[in-house]
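Let me begin by presenting the structure, written as structure tokens, before commenting on it.
Residue numbers (the working numbering), protein chains in the order written: chain A, -3 to 319; chain B, 208 to 514.
The following block contains the structure:
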């Protein structure tokens, strides 16, 4: 028992030391000063840092903010919007100079955003809404309609005679919900039948969930009844569909999605069922946001336009090798 | 029969209903193979979760451990290490997580809920560190055989699940270790007075859970040809649900591998059948929860009625 107590004490000391070491590393990284001597303090909030595209954009922002000399903190609430709003309240109490919403849903953050507005703290946003939103100082986002149009059109082009298509979406995400609506309309306008609109339950396990669903669907609809295309609202879901199609040996079913993730581009290069993804232009999105924030910090003026959409780039077999 | 067989009847009822709704599809060999393939990884996690639940605890970190092991095996192979070494390292990581859980629970006497909840959180963080939040892909083709290959026209994960389940069943039923685990689950104090090293046995049960979860994570990574920081997380609740469903089959209400596999089968058939019939995801989620509650409540009421 004595040994156990000693071990527990040692473990506690080690854990505390590690935690303190982590804190001190953070402080060292945040101690840079901007050329003007004033260090703007920025708090970024996201609810889905586990998603590859979100992590990419958030990390890109953090990197650019560090280069600008800003003191930046990143908080992830893991899809807990109550926690996210509380974290925002904390940042407002700390009197940060600006808040950045990373890929959040504006409907679920109104409490924190309103409080920031009331405290005179501007709220900037990366891909956090699909329409202009007054409380934001600036939201730079992907042009979700364009992303959906390009990817859905790839399936349409591959199937001039039309046919059935499957949609795999995730309506909880406003951007993906809009993409799904746009793709569905485009398919129907071109005479395609949307056989099923499957909603992902757990985005963290989207690839496996999508694979199982498409596997079941192909089992129930083999041969001529198989869909001519699977359109997925994001690449992980598209990748799962590709694996199900290859496993079932279904010929003539193509897949298109969007994000431009590395694994999707690699699949397109192979020349299999994955025919297209659309690369979201994160460097431009994040760059425009940082530029807007810099203007605010240096000149005190907010952007005249508070909503900017940035187009994506279609990646298919013709240009995949360039990415 | 009604007392201990309500869940089995429920399982058969599901098969009959889906078979009647889509007889051409649901009962086909190809579809049954799909169902087995889709539940294979859950079966591995649920089988080792059964061991922990036999000793009267449960492990909330099994899903996170599967994610971590999957990430470790993928990251090592991408870094140029051989398949065998990478797989062994990932298994070792799982065993270490299990050992930490076992130590906290058996020797430091923390409640399994608190200990494994804390481990789950830390392990999830470690997985993000290992993957750097990205999707790891580009794994060696030879490694894909484990999750995507077939033997006798059946996907390999099914054989892995079968082997793990048989092993756990054999150990629980036919070995001294298994009998000691059962004794601890029945009454830890009496087991201790009978000379059983309760702490060591409990510790071993958690190590088995960690090891099995790591194996599941490795198979999952091979099946998906990729690894993310959260790919195995959803298995934790499903595995516990499967074991609870299985416990309704035992007259004593104890965790048992046979029952757990029936539980896994119910979850798998439900998901597959509802997909084939074309029921929406949201309704599927509701029905899955409702059926778990119904099965467990029915069993409890039956037991009350008998006693």
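Glycine included, C-beta positions come from ideal geometry on N, C-alpha and C.
Since this is a predicted model, take the numbers as computed values, not measurements.
Asked                                                                                                                                            : Found
Unbroken alpha helix (DSSP H) run spanning residue 190 of chain A, endpoints                                                                     : Here residue 190 of chain A belongs to no alpha helix (DSSP H); instead the beta strand (DSSP E) covers 189 to 195.
Cutoff 7 Å: residue 270 of chain A Cβ touching any chain B Cβ                                                                                    : no
Unbroken stretches of the alpha helix (DSSP H), 4 residues or longer, contained in the region 143 to 176 of chain A                              : none
Beta-carbon proximity check, residue 334 of chain B vs residue 436 of chain B, cutoff 7 Å                                                        : yes
Whole-angstrom C-beta distance between residue 254 of chain B and residue 470 of chain B, which should lie under 8 Å                             : The Cβ separation is near 11 Å, so there is no contact.
Proximity of residue 81 of chain A and residue 107 of chain A at Cβ, strictly below 7 Å                                                          : yes
Runs of beta strand (DSSP E) wholly within the region 30 to 112 of chain A (minimum 3 residues, chain order)                                     : 37 to 42, 67 to 72, 94 to 98
C-alpha distance - residue 468 of chain B paired with residue 372 of chain B, whole-angstrom precision                                           : 8 Å
Any alpha helix (DSSP H) of 4 or more consecutive residues that is wholly inside the region 272 to 357 of chain B                                : 290 to 309, 319 to 338, 348 to 355
Exposure of residue 444 of chain B, with buried meaning 16 or more beta-carbon neighbours within 10 Å                                            : exposed
Contacts that residue 232 of chain B makes with chain A (C-beta to C-beta distance below 8 Å)                                                    : 215, 216
CB of residue 446 of chain B within 7 Å of CB of residue 499 of chain B, strictly                                                                : no
Status (buried if at least 16 other CB within 10 Å, exposed otherwise) for residue 227 of chain B                                                : exposed
Nonlocal neighbours in the same chain, by C-beta distance under 6 Å from residue 344 of chain B, ignoring five residues either side              : 433
Residue 226 of chain A - containing beta strand (DSSP E), residue span                                                                           : 225 to 228
Residue 189 of chain A: CB within 6 Å of a non-hydrogen atom of the ligand SAH                                                                   : Of ligands this structure carries none, so the ligand SAH is not represented either.
Within-7 Å CB hit, residue 69 of chain A to chain B                                                                                              : no
Coarse secondary structure for residue 433 of chain B, derived from DSSP in three states                                                         : strand
Exposure label - residue 440 of chain B; buried when at least 16 CB within 10 Å                                                                  : buried
Under 7 Å between C-beta atoms of residue 152 of chain A and residue 194 of chain A                                                              : no
Range of the contiguous beta strand (DSSP E) that encloses residue 270 of chain A                                                                : 270 to 275
Cβ-based burial, residue 205 of chain A [other Cβ within 10 Å; buried from 16]                                                                   : buried
Sufficient close CB pairs (3 or more, under 8 Å) joining the region 360 to 378 of chain B to the region 235 to 247 of chain B                    : yes
Close beta carbons around residue 378 of chain B, own chain, < 7 Å, minus the five adjacent residues each side                                   : 384, 385
Three-way DSSP call (helix, strand, coil) for residue 321 of chain A in this model                                                               : There is no way to answer for residue 321 of chain A, as the model of chain A reaches only from -3 to 319.
CB contact check: residue 287 of chain A to chain C, cutoff 7 Å                                                                                  : Of the chains in the structure shown, none is chain C; the protein chains are A and B.
Beta-bridge partners of residue 122 of chain A, as assigned by DSSP                                                                              : A:98, A:136
Beta-carbon proximity of residue 442 of chain B to residue 301 of chain B, cut-off 7 Å                                                           : no
Pairwise C-alpha distance: residue 305 of chain B and residue 318 of chain B                                                                     : 15 Å
Nearest-angstrom beta carbon gap, residue 251 of chain A and residue 228 of chain A [assumed within contact, 8 Å]                                : 7 Å
Limits of the alpha helix (DSSP H) - the one that residue 244 of chain B falls within                                                            : 236 to 261
First and last residue of the uninterrupted alpha helix (DSSP H) at residue 204 of chain A                                                       : 202 to 216
Beta-ladder partner(s) of residue 361 of chain B, from DSSP                                                                                      : B:358
First and last residue of the uninterrupted beta strand (DSSP E) at residue 482 of chain B                                                       : Note, residue 482 of chain B: premise wrong, no beta strand (DSSP E); alpha helix (DSSP H) at 464 to 484.
Neighbour-count burial assignment, residue 388 of chain B, 16 or more Cβ in a 10 Å radius                                                        : buried
Contacts around residue 24 of chain A, its chain only, beta-carbon distance under 7 Å, and the 5 residues preceding and following it disregarded : Confidence in residue 24 of chain A is poor, its pLDDT being 35 and thus under 50, which makes the residue's placement unreliable; the coordinate value appears in the next sentence. The answer is none, since no qualifying residue turns up.
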